[in-house]
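Worksheet for the structure shown next.
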DNA sequence: CGAACAGTAGAACGAGTGTTCTCCTTGGTC
DNA sequence: GACCAAGGAGAACACTCGTTCTACTGTTCG
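Residue numbers (the working numbering), protein chains in the order written: chain U, 51 to 237; chain F, 51 to 237.
And the structure:
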């Protein structure tokens, strides 16, 4: 009857795929491990997804949506536009300190894939574009002279903090990035 | 006679491994492809390296040394300490625009490996620590109040620019990072 | 009831993986 | 000349990969 009813099995598959990819990367996430972890049969996976590539892309798109929702919601929990811009890095800090933090899934999977035209890379690019657009909105609300330039600079701070936090294990990168953002905003 | 004579075959193997890993990642670099590309036999590879892991680590350590040499040499081609700090990003820009640029090999391979204790991750951490130490030296020469803090902030700008350049394909990230560095240095 | 469907369990297949092996050639060194 | 280490070409092994298949179990609905 209802064609848009949420399919439970499909959701489980996507959930588990998303988690395994984030934890260990695409190559290390075998269909066998997926079957065992999700508790579904191989046939069920191939019923909903043409092949592993399609499954991976769908899982990453799901993570894109969910991460952006979580991030923007958390950042928006402050009053003034200036607070929101600084809050970007406070929320990042909380993410770094959370259990199971493994950096940004999209940076990681981009590094795994050599071909820039690979669907995985395109999803990553779209994700970062969405993040840039969101930051740009905040900059506009803040009343920045050049919101686009400011947003691009803040994005560099965000990506830099994430990368340093992952590779060096230095979670204080969020604080250092926030310190730079403060100077940039003239606060 | 001379025990420290440079071994040509070993060098070729390391060279090709380094290039293939940078181009396509560790998982995509099979021993078979390595044999065909390097024009050496499997036996030769296993004569010099215990297994693939050891080869990968050795190739990454080699890249660490060579990249740092190249980078510091290029950056040091300026007169004043202030110029050198800004030159960090000019050199980065040149790297981004160079043919075959695929981001930072150490960020990429860190994303490929889930386990933080993996030798690959340790090599990456050491590489970024060396880079941080170098930037810290420049900051000290510059006469910064807190060279360590400044260096950590500049490192975030560097890693952020690299990540944005790779994932978004936006090479102007180097310019934007340099712009922020200028503000940070009060120039 | 019975057809249709979503699902599990698991075998099977071909291709690719890292690794080891044998056989052959080459270029020195006692 | 005898020896031996270095290297090449490629077969072979055990394993894992993604993918497909068959056989069986419920559930739903006309």
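We treat Cβ as the ideally placed atom computed from N, Cα and C, and that holds for glycine.
By alpha-carbon positions, which one of the options ends up nearest to residue i?
| i | options | result |
| --- | --- | --- |
| residue 85(U) | 159(U), 180(U), 100(U), 67(U) | 67(U) |
| residue 77(U) | 89(U), 102(U), 191(U) | 102(U) |
| residue 177(F) | 117(F), 196(F), 64(F), 126(F) | 117(F) |
| residue 136(U) | 79(U), 200(U), 167(U), 80(U) | 200(U) |
| residue 89(F) | 64(F), 156(F), 209(F) | 64(F) |
| residue 152(U) | 79(U), 224(U), 219(U), 80(U) | 219(U) |
| residue 228(U) | 132(U), 113(U), 87(U) | 132(U) |
| residue 182(U) | 143(U), 198(U), 113(U), 119(U) | 198(U) |
| residue 192(F) | 134(F), 140(F), 119(F) | 134(F) |
For residue i, name the three-state secondary structure that DSSP assigns.
| i | result |
| --- | --- |
| residue 150(U) | coil |
| residue 53(U) | Below a pLDDT of 50, predicted positions are generally treated as unreliable, and residue 53(U), at 41, falls in that range; the measurement from the model is reported next regardless. Three-state DSSP puts residue 53(U) in coil, outside helix and strand. |
| residue 221(F) | coil |
| residue 197(U) | helix |
| residue 165(U) | coil |
| residue 100(U) | coil |
| residue 144(U) | helix |
| residue 90(F) | coil |
| residue 128(F) | coil |
| residue 235(F) | helix |
| residue 226(F) | helix |
Roughly how many angstroms lie between the CA atoms of residue i and residue j, to the nearest whole one?
| i | j | result |
| --- | --- | --- |
| residue 58(F) | residue 75(F) | 24 Å |
| residue 236(U) | residue 138(F) | 24 Å |
| residue 82(U) | residue 203(U) | 42 Å |
| residue 175(U) | residue 188(F) | 33 Å |
| residue 97(U) | residue 104(U) | 12 Å |
| residue 292(U) | residue 164(F) | Here chain U has residues from 51 to 237 only, and residue 292(U) is not among them. |
| residue 179(U) | residue 92(F) | 44 Å |
| residue 207(F) | residue 207(U) | 6 Å |
| residue 106(U) | residue 159(F) | 19 Å |
| residue 51(U) | residue 94(U) | At residue 51(U) the pLDDT is 35, less than 50, meaning the model places this residue with poor confidence and gives no usable figure here. |
| residue 222(F) | residue 205(F) | 17 Å |
| residue 111(F) | residue 234(F) | 32 Å |
| residue 60(F) | residue 109(F) | 11 Å |
| residue 62(U) | residue 230(F) | 44 Å |
| residue 166(U) | residue 70(F) | 15 Å |
| residue 171(F) | residue 156(F) | 8 Å |
| residue 209(F) | residue 80(U) | 30 Å |
| residue 169(F) | residue 123(F) | 27 Å |
| residue 154(F) | residue 212(F) | 7 Å |
| residue 216(F) | residue 147(F) | 11 Å |
| residue 162(F) | residue 87(U) | 20 Å |
| residue 142(F) | residue 190(F) | 21 Å |
| residue 214(U) | residue 232(F) | 21 Å |
| residue 125(F) | residue 127(U) | 42 Å |
| residue 224(U) | residue 119(F) | 29 Å |
| residue 121(F) | residue 185(F) | 11 Å |
| residue 140(F) | residue 140(U) | 30 Å |
| residue 173(F) | residue 173(U) | 28 Å |
Could you check where the alpha helix (DSSP H) with residue i kicks off and where it finishes?
| i | result |
| --- | --- |
| residue 80(U) | That residue, residue 80(U), is in no alpha helix (DSSP H); it is neither H nor E in DSSP. |
Let me confirm a value: residue i is counted as buried when at least 16 other C-beta atoms fall within 10 Å, else exposed. Which label applies?
| i | result |
| --- | --- |
| residue 100(F) | exposed |
| residue 145(U) | buried |
| residue 150(F) | exposed |
| residue 129(U) | exposed |
| residue 196(U) | exposed |
| residue 226(U) | buried |
| residue 54(F) | At residue 54(F), the pLDDT of 48 sits below 50, so the modelled position is not reliable and the matter cannot be decided from this model. |
| residue 114(F) | buried |
| residue 194(U) | buried |
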